[in-house]
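Undergrad: Residue numbers (the working numbering), protein chains in the order written: chain W, 156 to 446; chain D, 30 to 588. Every residue, glycine too, gets a C-beta built ideally from N, C-alpha and C.
Here is the structure:
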């Protein structure tokens with residue numbers, strides 16, 4: 156048996172290669188996309204907390220004679236048909252969109268976790284019933300579901316947020332259940348029962364904490380989606396009533412002037428896109444970091 | 030095999046490192062050894078000794094962040110140390126091939142076995158299809174698979190673990206490489222299967238004159254099979270030499286420790302039977318565990334599916350303060366038996382008495398209270414501890430379940446038990462991932478003991494651990510039994526360990542008890558052919574007479 160191995164390995168200039176590795180590693184530590192995402196979210200959060208610091212104009216009261224001004228020195232992003240400063244309206248609108256999204260995610264997370272935890276840990280008939288209901292909820296398009304809920308609850312910022320939250324319960328429940336089913340089979344959970352743990356305490360101490368990593372990432376993702384949904388409801392007129400400077404409503408009102416004042420609908424739209432993308436990016440980072 | 034022929038593989042002063050974000054961790058330092066044609070060289074060491082890393086470097090399969098920093102790896106005289114993946118592709122399979130560790134995950138589940146063997150032929154040589162098919166069947170027959178034509182059309186899930194490993198060996202020998210790397214080729218297999226696979230590798234080596242690099246943690250396997258042994262520790266060669274010489278006169282202290290810790294080579298005495306018990310009355314009162322005619326059936330495929338009897342009429346009694354072992358290969362019903370004994374499931378029929386309490390009568394809260402008296406230690410401490418809890422929380426938890434103790438009192442009890450299992454108090458605030466395997470298993474034992482149970486069930490509790498750690502844990506268990514008067518039910522597939530720790534033993538096969546009694550009786554005078562086969566399959570017997578021990582070699586007489 157003869158084996159022919161030809162040639163010698165190409166001699167690599169090792170130190171040079173290593174220098175490149177060093178430079179690459181130093182850069183890899185910082186993720187510019189992630190940094191930007193956190194920056195966007197932080198800015199919007201600050202807008203929501205202290206809008207007065209960022210914008211001096213009144214968001215609701217217009218200045219007569221200054222309507223439909225293009226972006227310029229005095230009005231950074233221009234003014235709308237009633238002479239209101241668009242920048243001020245966007246900044247003041249943050250609190251509506253963010254609190255709405257926060258409420259929606261909380262509702263979805265809380266209800267979804269409870270349903271998923273019960274279904275995954277009790278099993279049997281209870282699981283079947285709960286998960287079939289979830290399947291039905293998942294089968295209905297979430298916007299349609301939100302609209303139906305709003306029609307029952309009535310219009311308004313709070314109700315829009317609740318509607319968006321309830322519509323996301325199903326997807327949370329499904330994720331939590333699958334995680335719970337995985338964790339429940341883990342040996343340390345059986346060991347906890349073996350050392351005399353009661354059902355509730357084992358769920359609380361072992362199953363829930365070990366199931367939550369991907370659920371938290373999903374919550375961050377849902378935060379972006381919720382902002383989008385609330386804006387959609389606002390755009391359709393199911394959310395906050397005018398003259399509230401809610402982002403979806405801003406886009407809807409600006410639509411009337413799209414041929415003459417493009418900034419009225421474009422700028423709030425871009426803000427929504429930026430916030431949703433940032434939430435998405437952060438969610439990816441959370442999902443990776445948790446594993 | 031003469032010294033004049035050049036070595037197939039020459040590893041010369043090799044250092045290998047892994048880099049992470051911050052720095053380079055060197056895991057192999059200045060390792061040198063050589064393999065001549067037709068030779069088997071065993072690379073022996075514990076986990077983290079660098080044996081797998083060294084083997085991976087030889088075949089160019091180091092992880093992306095690993096690199097050979099210094100030294101030369103000469104395959105047939107050509108240095109391959111710095112080769113790219115692309116260049117390695119040309120020689121993998123043809124010059125050097127690999128038998129992987131875990132046969133169950135090393136075959137593609139959606140392609141037939143025949144296609145997977147044919148693949149390597151197709152990659153390296155352009156031969157027409159009919160010739161390839163004929164060669165595939167020939168190869169499958171060569172590795173000892175019955176009905177090779179049928180096997181070639183089957184999918185991996187239709188084959189047993191041992192058969193899958195034979196298929197992988199067929200792939201490894203397909204192109205008659207000069208060197209085969211066998212990375213723990215049998216550690217995922219049962220002992221009897223393990224022996225047949227090693228016999229096959231041995232036979233193929235003789236037939237083709239192939240050199241074999243056998244990577245193993247089991248000094249018993251190495252001493253049975255290898256011409257020469259290289260002992261690695263912490264990435265350095267501790268000692269190397271011809272097997273017989275190394276066993277007879279180990280030069281390094283580490284090798285001596287390995288030899289004395291390996292249960293199959295150490296050949297310790299049987300446990301002396303408790304003398305006083307012979308006169309004690311043989312009724313239920315003297316036994317901690319009584320199992321009578323245990324039957325456990327599973328229904329497969331829905332409520333009207335077929336019934337599978339996993340445990341079929343198993344009976345045994347364990348005297349208080351002694352150790353009973355249940356031995357069997359995978360699928361023998363040993364795990365099902367102990368899960369019934371611990372009370373996780375209700376048996377289909379039969380009676381189980383733990384300290385006089387009939388398990389079948391217990392439900393709900395009574396069953397929960399019963400758990401104080403019998404505790405289970407799992408096989409792998411890597412999955413039986415909650416990764417999010419600290420060691421303190423893990424050990425404290427059983428106490429919180431049963432007793433309304435003050436925080437200070439709990440702290441004291443945890444501290445006491447930690448000292449008993451010989452762990453430093455500094456581990457209390459760490460999480461399981463920051464501990465070694467042996468430390469984790471000590472934590473698992475501490476969690477089981479903190480409730481002061483009378484019976485401890487150990488489910489393969491040492492088989493996931495390195496030999497020296499295994500020896501330490503076995504010593505710890507012996508000491509705890511002497512101090513606390515515990516009764517052990519010890520589940521294992523490793524007869525060498527059983528021989529060392531148990532007083533009585535039950536041998537299970539296909540759910541039936543085929544042999545039972547005192548360990549000495551069963552080992553020296555096995556009644557069933559299956560027990561005899563199990564005893565014969567214990568690795569390390571071939572050369573164990575070379576190892577210097579004072580103990581009488583009873584196993585030799587048995588075999």
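Does any C-beta atom of chain D lie closer than 8 Å to the C-beta of residue 400/W?
TA: Output row for residue 400/W: interface = no.
Undergrad: Is the segment 317 to 324 of chain D in contact with the segment 364 to 378 of chain D, if contact means three or more CB pairs nearer than 8 Å?
TA: Yes, the segment 317 to 324 of chain D is in contact with the segment 364 to 378 of chain D.
Undergrad: Is the Cβ of residue 41/D closer than 8 Å to any Cβ of chain W?
TA: Not closer than 8 Å to any Cβ of chain W, the Cβ of residue 41/D fails to qualify, so no.
Undergrad: Look at the alpha carbon of residue 255/D and the alpha carbon of residue 245/D, and state the distance between them as a whole number of angstroms.
TA: Roughly 11 Å separates the two Cα atoms.
Undergrad: Return the chain-ordered ranges of every alpha helix (DSSP H) run that is complete within the segment 66 to 110 of chain D and spans a minimum of 4 residues.
TA: Runs found: 80 to 87.
Undergrad: Return the CA-CA distance between residue 197/W and residue 426/W, expressed in angstroms with no decimal places.
TA: About 13 Å.
Undergrad: Taking C-beta to C-beta, are residue 429/D and residue 450/D nearer than 8 Å?
TA: No, the pair does not count as a contact, with Cβ atoms beyond the cut-off.
Undergrad: Answer yes or no: does any C-beta atom of chain W fall closer than 8 Å to that of residue 415/D?
TA: Closer than 8 Å to some Cβ of chain W, the Cβ of residue 415/D qualifies, so yes.
Undergrad: Identify the continuous alpha helix (DSSP H) that holds residue 447/W and give its terminal residues.
TA: Any property of residue 447/W remains undetermined from this structure, which presents chain W solely from 156 to 446.
Undergrad: Does residue 34/D come within less than 8 Å of chain W when only Cβ atoms are used?
TA: Answer no: the Cβ-Cβ gap between residue 34/D and chain W never drops below 8 Å.
Undergrad: In chain D, which residues lie less than 9 Å from residue 217/W when you measure between Cβ atoms?
TA: Correct list: empty, because the minimum Cβ distance to chain D is about 55 Å.
Undergrad: In three-state terms, what does DSSP make of residue 36/D?
TA: DSSP places residue 36/D in coil when its eight states are reduced to three.
Undergrad: By the 9 Å beta-carbon criterion, what residues does the segment 363 to 378 of chain W contribute toward chain D?
TA: Residues passing the 9 Å Cβ filter: 364 and 365.
Undergrad: Taking the straight line between their C-alpha atoms, what separation do you get for residue 364/D and residue 488/D?
TA: Distance between the alpha carbons of residue 364/D and residue 488/D is about 8 Å.
Undergrad: Should residue 83/D be labelled buried (16 or more other beta-carbon atoms within 10 Å of its own) or exposed?
TA: So residue 83/D counts as buried.
Undergrad: At least one CB of chain D closer than 8 Å to the CB of residue 276/W: is that the case?
TA: No - not a single Cβ of chain D is within 8 Å of the one on residue 276/W.
Undergrad: Check the Cβ of residue 430/D against every Cβ in chain W and list those closer than 8 Å, keeping chain order.
TA: Here the neighbours are 350, 351, 352, 353 and 356.
Undergrad: So which residues of chain W does residue 401/D contact, with C-beta pairs closer than 7 Å?
TA: Those are 351, listed as they occur along chain W.
Undergrad: With a threshold of 16 other CB atoms inside 10 Å of the CB of residue 121/D, please say whether the residue is buried or exposed.
TA: Buried, because 16 or more other Cβ atoms sit within 10 Å of the Cβ of residue 121/D.
Undergrad: If I'm right that residue 405/D touches residue 477/D with Cβ under 8 Å, what's the distance once you round it to whole angstroms?
TA: Yes, they are in contact, since the Cβ atoms of residue 405/D and residue 477/D sit about 7 Å apart, within 8 Å.
Undergrad: May I ask which residues mark the beginning and end of the alpha helix (DSSP H) holding residue 370/W?
TA: Where residue 370/W is concerned, the enclosing alpha helix (DSSP H) stretches over 363 to 391.
Undergrad: Pull up the distance between the alpha-carbon of residue 62/D and that of residue 398/D, whole angstroms please.
TA: Spanning the two alpha carbons is a distance of roughly 59 Å.
Undergrad: DSSP state of residue 548/D, grouped into three classes?
TA: Helix.
Undergrad: With a threshold of 16 other CB atoms inside 10 Å of the CB of residue 359/D, please say whether the residue is buried or exposed.
TA: Residue 359/D is exposed by the Cβ-count criterion.
Undergrad: Output, in sequence order along the chain, the residues in the segment 222 to 242 of chain W whose CB is closer than 8 Å to any CB in chain D.
TA: Residues: none.
Undergrad: Less than 7 Å between C-beta atoms, sequence neighbours within five positions excluded: which residues of the same chain meet that for residue 462/D?
TA: 416.
Undergrad: Report yes or no: do the segment 530 to 539 of chain D and the segment 343 to 350 of chain D share at least 3 C-beta pairs separated by less than 8 Å?
TA: Yes, since at least three Cβ pairs between the segment 530 to 539 of chain D and the segment 343 to 350 of chain D fall closer than 8 Å, the two stretches touch.
Undergrad: Have a look at residue 316/D and residue 383/D and give me their C-alpha separation to the nearest angstrom.
TA: Each residue's alpha carbon lies about 8 Å from the other.
Undergrad: Would you mind sorting residue 564/D into buried or exposed? The rule is 16 or more other CB atoms within 10 Å of its CB.
TA: By the 10 Å Cβ count, residue 564/D comes out buried.
Undergrad: Is residue 282/W close to chain D? Criterion is C-beta to C-beta, closer than 8 Å.
TA: No - not a single Cβ of chain D is within 8 Å of the one on residue 282/W.
Undergrad: Identify which residue in 400/W, 325/W, 429/W and 432/W has its Cα closest to the Cα of residue 250/W.
TA: Among 400/W, 325/W, 429/W and 432/W, the Cα nearest to that of residue 250/W belongs to 400/W.
Undergrad: Once you ignore the five residues that flank residue 360/W on each side, which residues in its own chain have a CB closer than 8 Å to its CB?
TA: For residue 360/W, where only same-chain residues beyond five positions count, the Cβ hits under 8 Å are 347 and 352.
Undergrad: Just grab the DSSP bridge partners of residue 46/D for me.
TA: In DSSP, residue 46/D forms a bridge with 55/D and 96/D.
Undergrad: In three-state DSSP terms, what is residue 377/D?
TA: In the structure shown, residue 377/D sits in coil (DSSP, three-state: anything other than H, G, I, E or B).
Undergrad: Take the Cβ of residue 51/D as the centre, count every other Cβ of all protein chains shown within 10 Å, and call the residue buried at 16 or more, exposed below.
TA: With fewer than 16 Cβ atoms within 10 Å of its Cβ, residue 51/D is classed as exposed.
Undergrad: Put residue 455/D into one of helix, strand or coil per three-state DSSP.
TA: In the structure shown, residue 455/D sits in a helix (DSSP, three-state: H, G or I).
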